[in-house]
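Comments concern the structure below.
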Amino acid sequence: MAKFKTIYICSNCATEYPKWQGKCDACGEWNSLVEEVVEKTAAKKAARVQRQVATSSRQPRPLGEIDDIREQRLVTPDEELNRVLGGGIVEGSVVLLGGEPGIGKSTLLLQVALQVTGKKVLYVSGEESEKQIKMRAGRIPHNNDSLLVAAETNLETILAHFKQIKPELLVIDSIQTIHSETLESAAGSVPQVRECAQRLIRLAKEHQVPVFLIGHITKEGSLAGPKVLEHMVDVVLRFEGERHHSYRIVRTLKNRFGSTLELGIYEMNQAGLREVRNPSEIFLSSGDPSLSGVAISATLEGMRPLLIETQALVTPQAYGTPQRSATGFDLRRLNMLLAVLEKRCDFRMGQKDVFVNIAGGLRVEDPALDLGLICAVVSSMLDLPLARTMVFAAEVGLTGEIRAVTRIEPRLAEASKLGFKEVFIASSQAKGMADKFPQLKIRAYSRLDEVFRSVFSGA
Numbered sequence: 001m002a003k004f005k006t007i008y009i010c011s012n013c014a015t016e017y018p019k020w021q022g023k024c025d026a027c028g029e030w031n032s033l034v035e036e037v038v039e040k041t042a043a044k045k046a047a048r049v050q051r052q053v054a055t056s057s058r059q060p061r062p063l064g065e066i067d068d069i070r071e072q073r074l075v076t077p078d079e080e081l082n083r084v085l086g087g088g089i090v091e092g093s094v095v096l097l098g099g100e101p102g103i104g105k106s107t108l109l110l111q112v113a114l115q116v117t118g119k120k121v122l123y124v125s126g127e128e129s130e131k132q133i134k135m136r137a138g139r140i141p142h143n144n145d146s147l148l149v150a151a152e153t154n155l156e157t158i159l160a161h162f163k164q165i166k167p168e169l170l171v172i173d174s175i176q177t178i179h180s181e182t183l184e185s186a187a188g189s190v191p192q193v194r195e196c197a198q199r200l201i202r203l204a205k206e207h208q209v210p211v212f213l214i215g216h217i218t219k220e221g222s223l224a225g226p227k228v229l230e231h232m233v234d235v236v237l238r239f240e241g242e243r244h245h246s247y248r249i250v251r252t253l254k255n256r257f258g259s260t261l262e263l264g265i266y267e268m269n270q271a272g273l274r275e276v277r278n279p280s281e282i283f284l285s286s287g288d289p290s291l292s293g294v295a296i297s298a299t300l301e302g303m304r305p306l307l308i309e310t311q312a313l314v315t316p317q318a319y320g321t322p323q324r325s326a327t328g329f330d331l332r333r334l335n336m337l338l339a340v341l342e343k344r345c346d347f348r349m350g351q352k353d354v355f356v357n358i359a360g361g362l363r364v365e366d367p368a369l370d371l372g373l374i375c376a377v378v379s380s381m382l383d384l385p386l387a388r389t390m391v392f393a394a395e396v397g398l399t400g401e402i403r404a405v406t407r408i409e410p411r412l413a414e415a416s417k418l419g420f421k422e423v424f425i426a427s428s429q430a431k432g433m434a435d436k437f438p439q440l441k442i443r444a445y446s447r448l449d450e451v452f453r454s455v456f457s458g459a
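Numbering follows the working numbering, in which position 240 of the sequence shown is assigned residue number 240; successive positions increment by one, without gaps.
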């Protein structure tokens, strides 16, 4: 007769404990231990492992004898997704897509499944009925009525469908709704998520079929379920964006088959998600050039250069303490830049309310925005508009010096492509740039006061 015992598993790092305790010693999380009942069959398991090792045909091989063959990829019509995945979907890979509720995860993967024509695709949803999926697919332009749809939450039934249909692409929406009958715990619990993910990963590797898993996230913004889930899969993508803006970004957190510096940009509309091929144009407005407090900055999102609009509003303080507000920018860095303005350039910012916004709903942490943001602040303070043909790409140090930024050439190339005339950069990066970009007027400076004299006095 099988014996059972109770263990406690950390939902963050999957460390096992014989009894409950408030804090996980391995990862330091509080109240992350959940109960799980396991069967004590150590002797039987050891015997089974020994038989598998004895009969296994996979023996260790020298590295030089292994065939060097590039992975086979399924290139989809979605160029943004291909970019993020490193050139397409790798056969036998498991991709985990996470994001906030309602951000568009299901829409993105349903759209991809409808676009992959000529392949047998199985879309399994544990959150919607078949009629709901068809209603959502009706809003997406497509000519693929052969997509196979199943509203199912039982893992064994899904595996039976897979063996019967033999699809070439499998989408699971979502992994937290799938449960296996071999476990007594509820769907979405740590044991269920880990067990279902392991069996789906084994399925993908054995049959060389790519599998997409949609994952929920917690209120802290991390993927729900055990942390080991992110280690098990091949690719981890995060789908993010502001609810009140139509633009969405797919970031790569992990990719065993490509770079983690790529990202895809989409626009959400009534017909689904539209790929944004030239993201700089959507973040630049064609507003009134006579308005002050607006500067164009060159930033990098992953490997892609973007030109974005940094907006600033400076007003006399309305209350005893001056207000500081930043949307899309680090508030602590804004306070640092304002202190540099007051200390090094003698601008009295202590009696001013300062509001900063990154247009388009982007959240940017690139230090190359420093110079453009400071110029936007001074432009608003003096009520002197900046020419819309200027682009700024430099970091500002605590001493007021203009510092170099990474990968300056792609930033300048993007500015040149979009027709800008002047670029303000650090003097240490100016060598050879005028020859590479003859259509741009390279303005190189080493101190902040030199930039102000050039921008606001026409020197």
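Note that CB positions come from ideal geometry on N, CA and C, so glycine has one too.
Item, Value
"Bounding residues of the alpha helix (DSSP H) (the contiguous stretch that carries T157)", "L155 to I165"
"Beta carbon of K105 nearer than 7 Å to that of L114", "no"
"Same chain, Cβ closer than 8 Å to L223, five either side skipped, listed in chain order", "L96, G98, G215, H216, I217, L229, E230 and V236"
"Helix, strand or coil at C345 according to DSSP, with G and I counted as helix", "helix"
"Nearest-angstrom Cα separation, counted from R363 out to E240", "10 Å"
"Beta strand (DSSP E) runs wholly inside the region 45 to 125, at least 3 long, in chain order", "94 to 99 and 121 to 125"
"Residues that H179 bridges to, as DSSP identifies them", "N154"
"Closest by C-alpha distance to F257, when choosing among G92, P141, V276 and Y123", "G92"
"DSSP state of A43 mapped onto helix, strand, coil", "Caution applies to A43, whose pLDDT of 49 falls short of 50 and renders its modelled position unreliable; the value that the coordinates give is listed next. Note: A43 maps to helix in three-state DSSP."
"C-beta contact flag for K436 and E422 at 7 Å", "no"
"Beta-carbon spacing of V356, G400 below 7 Å", "no"
"Identity of the residue in R333, V314 and A387 nearest S380 by Cα", "V314"
"Nearest residue (CA-CA) to L200, options A186, E184, Q176 and S185", "Q176"
"Beta-carbon spacing of S32, P226 below 7 Å", "no"
"Rounded distance between the beta-carbons of G264 and L81, thought under 8 Å", "6 Å"
"Same chain, Cβ closer than 6 Å to E36, five either side skipped, listed in chain order", "I7, I9 and P191"
"Inter-stretch contact at 8 Å, needing at least 3 Cβ pairs: the region 281 to 292 / the region 125 to 139", "no"
"Alpha-carbon spacing of V90 relative to F456, whole angstroms", "53 Å"
"Local conformation of N335 per DSSP, three classes", "helix"
"Per-residue DSSP class, three states only, for I408", "helix"
"Cut-off 6 Å between Cβ atoms - residues of its own chain near V149, not counting five sequence neighbours on either side", "Y123, E130 and I133"
"Alpha-carbon spacing of H179 relative to S189, whole angstroms", "9 Å"
"Minimum C-alpha distance to Q439 - residue among E414, S428, L159 and A426", "E414"
"CB contact flag (N203, S292, <7 Å)", "The residue you asked about is not Asn; residue 203 is Leu in the sequence shown. Going by C-beta atoms, L203 is not nearer than 7 Å to S292."
"Nonlocal neighbours in the same chain, by C-beta distance under 7 Å from V193, ignoring five residues either side", "I175, Q176, G225, P226 and L229"
"Given F420 as reference, the closest of M390, A434 and A394 once Cα atoms are compared", "M390"
"Coarse secondary structure for I140, derived from DSSP in three states", "coil"
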